[in-house]
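Below is one structure; the comments refer to it alone.
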Amino acid sequence: MRVLFVTYAERTHYFQMVPMAWALRTAGHEVRIASQPALQDTIVASGLPAVSVGRDHSFDQVLVEKSDDEGWSERVANVLIDPAGVAYDDFVRFLREATIYSGQVFNDPMVDDLVAYTRQWQPDLIVWEMFTFAGAVAARATGTPHVRLLWGADVMVRMRQHFLSLLAQQPPQRRRDPLGEWLAQTAERFGASYDEELITGQHTLDQSPASMRLPLGLPTVTAQYVPYNGPSRLPDWLREPPTRPRVCITAGISMRGFHGHDPLPLKTLQAFGDLDLEVVATLVPPEGETIDLPDNVRLVDFVPMHALLPSCAAVVHVGAAGIGATATRYGVPQLTLVPAQWDAPVRAARIQELGAGLSIPQEEVTPEVVREAVLRLVTEPSFRAAADRLRAEVLAEPTPNEVVRVLERLVTPCDPR
Numbered sequence: 001m002r003v004l005f006v007t008y009a010e011r012t013h014y015f016q017m018v019p020m021a022w023a024l025r026t027a028g029h030e031v032r033i034a035s036q037p038a039l040q041d042t043i044v045a046s047g048l049p050a051v052s053v054g055r056d057h058s059f060d061q062v063l064v065e066k067s068d069d070e071g072w073s074e075r076v077a078n079v080l081i082d083p084a085g086v087a088y089d090d091f092v093r094f095l096r097e098a099t100i101y102s103g104q105v106f107n108d109p110m111v112d113d114l115v116a117y118t119r120q121w122q123p124d125l126i127v128w129e130m131f132t133f134a135g136a137v138a139a140r141a142t143g144t145p146h147v148r149l150l151w152g153a154d155v156m157v158r159m160r161q162h163f164l165s166l167l168a169q170q171p172p173q174r175r176r177d178p179l180g181e182w183l184a185q186t187a188e189r190f191g192a193s194y195d196e197e198l199i200t201g202q203h204t205l206d207q208s209p210a211s212m213r214l215p216l217g218l219p220t221v222t223a224q225y226v227p228y229n230g231p232s233r234l235p236d237w238l239r240e241p242p243t244r245p246r247v248c249i250t251a252g253i254s255m256r257g258f259h260g261h262d263p264l265p266l267k268t269l270q271a272f273g274d275l276d277l278e279v280v281a282t283l284v285p286p287e288g289e290t291i292d293l294p295d296n297v298r299l300v301d302f303v304p305m306h307a308l309l310p311s312c313a314a315v316v317h318v319g320a321a322g323i324g325a326t327a328t329r330y331g332v333p334q335l336t337l338v339p340a341q342w343d344a345p346v347r348a349a350r351i352q353e354l355g356a357g358l359s360i361p362q363e364e365v366t367p368e369v370v371r372e373a374v375l376r377l378v379t380e381p382s383f384r385a386a387a388d389r390l391r392a393e394v395l396a397e398p399t400p401n402e403v404v405r406v407l408e409r410l411v412t413p414c415d416p417r
């Protein structure tokens with residue numbers, strides 16, 4: 001069959017799709033990846049065929065604009081962390097902002113070209129990244145089965161379920177659904193109708209272990225998370241096992257892309273100088289910033305997490321979904337320096353509840369607080385034991401190769417093109 005993966009141009013979100021795309025390809029299916037021009041080189045580097053659709057989004061500019069709105073991140077976090085406690089008017093405000101600043105910004109530049117390409121290539125299945133609603137619109141416009149692929153906790157749909165319950169209680173003149181209205185207008189341009197499947201997918205592909213998934217009652221295909229970090233060369237020092245507990249400190253490449261540098265200050269690393277640890281920090285400081293590092297700290301620009309984390313006793317990160325999922329796969333205790341950003345607080349809280357890590361709100365982060373939390377993760381066996389239990393959950397899920405058969409059964413009739 002022909003399978004079209006669709007994502008807006010965000011490298012780390014695409015990385016979460018690569019293992020599943022390759023599993024389908026090695027099973028003999030035709031696979032293509034449709035995205036905006038900025039992602040084309042990244043797709044090609046993954047060894048899969050790239051299809052350029054539309055023009056690039058302007059989300060980086062949106063982030064600059066929203067950085068002046070001090071309450072924006074907190075408003076987003078409040079709605080997504082505890083939607084049951086959110087008033088109807090606050091939901092509408094959030095959805096209006098989310099529709100403009102993510103839905104439209106990501107999707108409007110690509111949807112027309114994507115629908116045209118889908119009509120021309122006629123895929124049997126579309127797999128779309130969880131915010132790339134253009135993939136769902138293209139599927140609806142062409143009658144193609146479609147699956148929404150998650151890269152984190154499904155806080156968007158949990159929020160939608162609470163919102164729709166409140167929406168139904170409003171008098172007709174007060175009913176507003178900015179996201180639904182925008183999607184309905186977009187679908188109508190292609191002769192298609194709107195319903196919640198354009199937000200949820202006909203099925204959801206969830207790569208989280210059972211303990212980390214949100215129970216939302218959706219048709220769900222589960223899979224074990226397999227990390228992909230892009231093409232890389234392993235450094236020589238990583239070939240040798242560590243002689244003392246190794247700790248990884250990283251901010252993740254998506255955060256670096258947003259800020260131009262890493263949001264975790266280098267002075268944090270000085271707090272580890274007197275500890276019997278080996279610290280590997282994948283951090284890039286702001287331009288012009290220099291600092292004397294302790295002898296036990298190795299500062300590197302990049303190393304693939306799937307190669308580094310199996311040798312680590314703990315990892316410190318700022319809530320990046322891929323790093324958290326990789327740590328979970330390899331049973332590594334996590335310290336999350338939690339930003340008020342999308343699903344990061346939800347995932348961090350759950351890791352702490354399960355005993356597999358600790359979390360600190362970013363506004364409370366100091367070198368001393370980070371040091372003490374890392375010492376706990378490294379010296380208290382309960383954290384490693386809980387992380388190992390989560391790892392067992394990950395490995396109990398079907399591999400991408402095994403999920404191929406499930407996806408094949410979703411396509412009826414299956415045309416072996």
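Each residue of the sequence shown is one higher than the one before, starting from 1 at the first, in the UniProt record's numbering.
Don't be surprised by glycine CBs; every beta carbon is placed ideally from N, CA and C.
What you are looking at is a predicted structure, and each value in this text was computed from that prediction instead of being measured.
Suppose contacts are defined by Cβ-Cβ distances below 8 Å. Is residue 130 in contact with residue 36 by that definition?
no
Within the region 289-366, ranges of the alpha helix (DSSP H) (whole runs, at least 4 residues):
305-308, 321-329 and 344-353
Spatial neighbours of residue 44 within its chain, please: CB distance less than 7 Å, with the 5 preceding and 5 following residues excluded, ordered by chain position.
50
Which residue's Cα is closest to the Cα of residue 132: 119, 151, 375 and 142?
151
Whole-angstrom distance between residue 7 and residue 55, CA atom to CA atom
13 Å
Determine the extent of the beta strand (DSSP E) in which residue 127 is found, giving its start and end residues.
125-129
Within 10 angstroms of its Cβ, does residue 208 collect 16 or more other Cβ (buried), or is it exposed?
buried
With distances taken from CA atoms, which of 241, 216 and 11 is nearest residue 311?
241
Rounded to whole angstroms, how far is the Cβ of residue 374 from the Cβ of residue 314, which I believe are closer than 8 Å?
6 Å
DSSP three-state label for residue 24, please.
For residue 24, the three-state secondary structure derived from DSSP is helix.
Local Cβ density within 10 Å of residue 198, reported as buried at 16 or more and exposed below that:
buried
Can you tell me which of the three DSSP states residue 160 falls into?
helix
Closest to residue 249 by C-alpha separation, out of 146, 298 and 187, would be which residue?
298
Straight-line Cα distance separating residue 325 from residue 138
29 Å
For residue 224 and residue 218, the rounded distance between their alpha carbons:
18 Å
Exposed or buried, residue 276, counting other C-beta atoms within 10 Å across all chains shown (16 or more means buried)?
exposed
beta-carbon residue 172 near the ligand FMN non-hydrogen atom, thresh 7 Å
With respect to the ligand FMN, the structure shown offers nothing to examine, as it has no ligands at all.
Is it the case that the region 186-197 contacts the region 224-235, given that we only count it when at least three CB pairs across the two stretches are under 8 Å?
no
How do the region 27-42 and the region 88-100 stand: do at least 3 beta-carbon pairs fall below 8 Å, yes or no?
no
Just the C-alpha distance for residue 233 and residue 301, rounded to the nearest angstrom, thanks.
12 Å
Which residues in the same chain have their Cβ closer than 6 Å to the Cβ of residue 257, if we skip the five residues on either side of it in sequence?
Only weak support exists for where residue 257 lies, its pLDDT of 48 falling under 50; the value from the coordinates is given anyway. So the list is empty, once near-sequence residues are dropped.
Answer yes or no: do residue 332 and residue 387 have a C-beta to C-beta separation smaller than 8 Å?
yes
Classify residue 380 as helix, strand or coil using the three-state DSSP reduction.
coil
Straight-line CA distance for residue 4 to residue 244?
46 Å
With C-beta atoms as the reference, is residue 98 less than 8 Å away from residue 347?
Not in contact: residue 98 and residue 347 (Cβ atoms no closer than 8 Å).
Nearest by alpha-carbon distance to residue 307: which of 392, 112, 115 and 235 is it?
235
Contact belief for residue 18 with residue 24 at Cβ below 8 Å, rounded distance in angstroms:
So it is not a contact: roughly 11 Å between Cβ atoms.
Per DSSP, what kind of secondary structure is residue 13 in: helix, strand or coil?
If DSSP states are grouped into helix, strand and coil, residue 13 belongs with the helices.
Can you check which of these residues, 376, 365, 221 and 89, is closest to residue 265 by C-alpha distance?
365
Any 3 or more C-beta pairs closer than 8 Å across the region 141-149 and the region 118-128
Yes, the region 141-149 touches the region 118-128.
If you draw a straight line from the alpha carbon of residue 205 to that of residue 160, how long is it in whole angstroms?
18 Å
For residue 87 versus residue 57, is the C-beta distance shorter than 8 Å?
no
What residues match up with residue 206 in a beta bridge as DSSP calls it?
Looking at the DSSP output, residue 206 sits in a beta bridge with 222.
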